[in-house]
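*Asks:*
Residue numbers (the numbering used here), protein chains in the order written: chain A, 1 to 321; chain B, 322 to 642.
#1: CB residue 49 of chain A to CB residue 235 of chain A, shorter than 8 Å?
#2: Is the CB-CB distance between residue 517 of chain B and residue 465 of chain B below 8 Å?
#3: Going along the chain, which residues of its own chain have a beta-carbon closer than 6 Å to the beta-carbon of residue 479 of chain B, five neighbours each way excluded?
#4: Short of 8 Å in beta carbon distance, which residues of its chain neighbour residue 457 of chain B, apart from the five on each side in sequence? Order them along the chain.
#5: With a cut-off of 8 Å, does the C-beta of residue 499 of chain B fall near any C-beta of chain A?
#6: Got a sec: which bits of the segment 468–494 of chain B sit with their beta carbon under 8 Å from any beta carbon on chain A, in order along the chain?
#7: Using the three-state DSSP reduction, which class does residue 232 of chain A fall into: helix, strand or coil?
#8: Who are the Cβ neighbours of residue 283 of chain A in its own chain at under 7 Å, not counting the five residues just before and after it?
#9: Under 8 Å: do the segment 532–541 of chain B and the segment 291–307 of chain A share three or more Cβ pairs, one atom per stretch?
#10: Tell me the DSSP secondary structure of residue 156 of chain A in three-state form.
#11: Residue 226 of chain A touches chain B at which residues, Cβ-Cβ below 7 Å?
#12: Under 8 Å between the Cβ atoms of residue 12 of chain A and residue 45 of chain A?
#13: Between the C-alpha atoms of residue 475 of chain B and residue 301 of chain A, what's the straight-line distance to the nearest angstrom?
#14: State the beta-bridge partners of residue 79 of chain A as determined by DSSP.
#15: Relative to chain A, which residues along the segment 390–418 of chain B have a C-beta separation below 8 Å, given in chain order?
#16: Looking at the unbroken beta strand (DSSP E) that takes in residue 13 of chain A, where does it start and where does it end?
#17: Using a threshold of 8 Å, state whether the C-beta atoms of residue 343 of chain B and residue 562 of chain B are closer than that.
#18: Quick one: is residue 439 of chain B near chain A, going by C-beta distance under 8 Å?
#19: Note down, in chain order, all residues in the segment 439–458 of chain B with a beta-carbon under 7 Å from any beta-carbon belonging to chain A.
#20: Pull up the CB-CB distance for residue 99 of chain A and residue 37 of chain A, whole angstroms please, since I reckon it's below 8 Å.
#21: Strictly by DSSP, which residues pair up with residue 532 of chain B?
#22: Check the Cβ of residue 631 of chain B against every Cβ in chain A and list those closer than 8 Å, keeping chain order.
#23: Is there at least one Cβ from chain E nearer than 8 Å to residue 543 of chain B's Cβ?
#24: So which residues of chain B does residue 294 of chain A contact, with C-beta pairs closer than 9 Å?
#25: Which residues in the same chain have their Cβ closer than 8 Å to the Cβ of residue 278 of chain A, if we skip the five residues on either side of it in sequence?
#26: How big is the Cα-Cα spacing for residue 345 of chain B and residue 389 of chain B?
#27: Go ahead and label residue 353 of chain B buried or exposed: buried means 16 or more other beta carbons lie within 10 angstroms of its beta carbon, across all protein chains shown.
#28: Between which two residues does the alpha helix (DSSP H) containing residue 100 of chain A stretch?
#29: Excluding five sequence neighbours on each side, which residues of the same chain lie with their C-beta closer than 8 Å to the C-beta of residue 519 of chain B?
#30: By the criterion of Cβ-Cβ separation under 8 Å, what are the contact partners of residue 507 of chain B in chain A?
#31: Mind listing which residues of the segment 21–47 of chain A have their C-beta closer than 8 Å to chain B's C-betas, in chain order?
#32: Between residue 338 of chain B and residue 403 of chain B, which are expected to be in contact by the criterion C-beta below 8 Å, what is the C-beta distance as a whole number of angstroms?
#33: Please name the residue or residues paired with residue 462 of chain B in a DSSP beta bridge.
#34: Tell me which residues share the same chain as residue 412 of chain B and place their Cβ nearer than 6 Å to its Cβ, disregarding the 5 neighbours each side in the sequence.
#35: By alpha-carbon positions, which one of A/71, A/287 and A/26 ends up nearest to residue 60 of chain A?
#36: Using only the alpha-carbon positions, how far apart do residue 202 of chain A and residue 532 of chain B sit?
Structure, rendered in C-alpha cells:
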C-alpha cells in the first residue's frame, strides 16, 4: 500500500547554515540577509539562519548576530539557529531567536570526530543548554547525527538511537531531528526508525534530515512521509556537502523536495516559483553550480512547444488500413 | 505502511542503446562490445544491446549487427534490442536475438514528434511486427512512452494508457514497459498506475522505466516496488539524456538503483562491485562525467578511517559530572 499521506508538510531550509558553512569562500553578510529575506517570503515553515559557534571554529558564519538582527522576520516563520553551548545560547537569545537547534551524534566515533568529546559529555553540555533555554521559554530542537549509519563505525543500532531520544525527551525539548548525516539511509530503514520514534515519543516533533549522497534523499523522504513524518530539513539548491564523500551531492534540495511533495498531493505552504527564483540566484552567490534538479529541468508541469513539422503531420490524410 | 516487498527484482540495462544513442560522438564498436561483456558478467537480468533502426536515423547505433554478433552471450541473460519496424525485426532475427522491444507513445503529439506518425499508425505497424515475431517464436516487449505525462501535451489520461495496453495485450506480447520518458512521474502516480496495470493485465510482464530529470527516479522505483513491480530499466552511469530538459539528469542510474534495492533487502542478482567497475570505465568511453551517485560516493557500507586525534580523545579521562 502507498498509504494515506498527511495533507500538510513543513519545510525547514538550512542553506544559510548547513550550506554556507561548507562553502570555501565567505558569503557577504548582505547576501545572506537578502537570501534569507527571499526564503522568508517563499512560504517556508522554518529557516535555520546561522550558527552561534565560535567564529574561529566556523569563520563562514562569524556574522551570526549581524545576520539574525538584519533579516526581516516574516510572521509565521520560525527562525532557528545552531547552538553548541551556553555561550552560543546566550548569543542566540540576544538576537531574540524563536528556537535553537542543538546537535550531537549517535555514533561515539563521529561525536569524537565532530564535537571532540564523548557523547556522554555532549549530552551533559546540551542538557545544561536545554535547562537554560527553558528558563527563557526558548524552544529547543535536538539534531541527532548519524542516526542511519556512521561513515567510520558503520551501522548504528536503532536501540541506541531510541535510548538517547528517551534521555532527551525527559528534558524540556520540543523536537528531535533524525539526521542521515552522510547519506547512508535507505527507505525501508527510514520507514522503520521514523515509525518507531513517532510511536514511542508521540509528544516530540520529529523532523527528518536527508543527504542525497547516494541519490536516495527523495525516496527516503517519501518513506518518512509514509511513516507519518510531517517535518523536513532541506537546503536550497542542495548545498551542504558531505565531508566523507568529496564531490558528492549534499543536503536534499529544498525545491526538489517541495516539488515532489506537491506532486504527490501534500501541501507545504511554499510558493515553488518564488523558491526557484531564490535558487536561480544561488550559483552567483556561491560562485559555482548547484546540484538542484528543478533549477535545470523546471517543474513537471513545464510545457514545451511541439516541433513545427507536427502540424503538417496532423493535417495529412493518414491511412491506417 | 511500507508494505511487504518482493524478494527478487530484475534489472534491464539500457546504456548501450538509450545511453549511447544520446552521445554526441560515436562510441567505437569494440568499446560497446567490451562494455556489454562486462555488463553480462555483472548479473543483470537483461541488456538492451542496441537498436535496429536506420543507420541514417541513428548513426550512433549503425553497428547494431556487428555489436549483437560480437558480444559473448552469458547464459541466463536476456539480450534485447529496440526494433522500429519489420525491417528492424528481420535484422534482429538475423542476429539470433532473445527478445525485441517496440516503442510507441501514449501522447499523440509525442508520437507525432518522435515517430512522425499518429499513434493509430504506430499501433498498426507494431502489430505487424508482433505477428511476424510470433511466427519466429521471438518474444516481444512494448515500451510505452510518456505514460506519466507528455512535455508538450501535459497530463496523459491513465484510462488512455490502459486502453492501449488492452489492445497490445490482445496480441502475442510478453510484456509492456511504462516509461517516464521525460521525468514527469511522481511516486503517488507511479504507485497508482503500476498497481492498476498489474491488476488489469496479470499475464503481462510489467517493467518500469524512469528518468531522474527531477530527482524522483529512485522514489518512483520504490513506489513501483510497493505496487508489486519487479522489473526495471536502468542505464549504467545514468546516461541517456532527455531532449526536453537540456543538461538535466538522464535515465535512472543502474548502480544507484541496484544499491538501493539491495539496501532495502531486495535481491537483484547483480554484483554491485563488478557493476561499479564497469561504471568507472564510462567517463573515459563517453569522454565526459556521468551522473552516477555511487561512482562518486561509493556504497553506503564504505568505511572511513577515524581522524588520528580521536584515539587520543578516547584515552583521555573524561569527567561527565
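Glycine included, every Cβ here is placed at the ideal spot set by N, Cα and C.
*Replies:* So, from the listed chains and residues:
#1: no
#2: no
#3: 514
#4: 414
#5: Against chain A, the CB of residue 499 of chain B has no partner CB under 8 Å away; the residue lies outside that interface.
#6: Listed by position, the residues of the segment 468–494 of chain B near chain A (Cβ gap below 8 Å) are 470, 472, 473 and 475.
#7: Residue 232 of chain A falls in the strand class under three-state DSSP.
#8: 289 and 290
#9: yes
#10: coil
#11: 323
#12: yes
#13: 7 Å
#14: A/47
#15: none
#16: 10–13
#17: yes
#18: yes
#19: 439, 441, 442 and 445
#20: 19 Å between Cβ atoms; not a contact.
#21: B/572
#22: 109, 112 and 113
#23: Chain labels in this structure do not include chain E; the protein chains are A and B.
#24: 535 and 536
#25: 35, 38, 39, 42 and 236
#26: 22 Å
#27: buried
#28: Per DSSP, residue 100 of chain A belongs to no alpha helix (DSSP H); it is in the beta strand (DSSP E), 99–105.
#29: 527, 548, 549 and 550
#30: 260, 263, 264 and 300
#31: none
#32: 6 Å
#33: B/422 and B/496
#34: Closer than 6 Å at Cβ, skipping near neighbours: 373.
#35: A/26
#36: 38 Å
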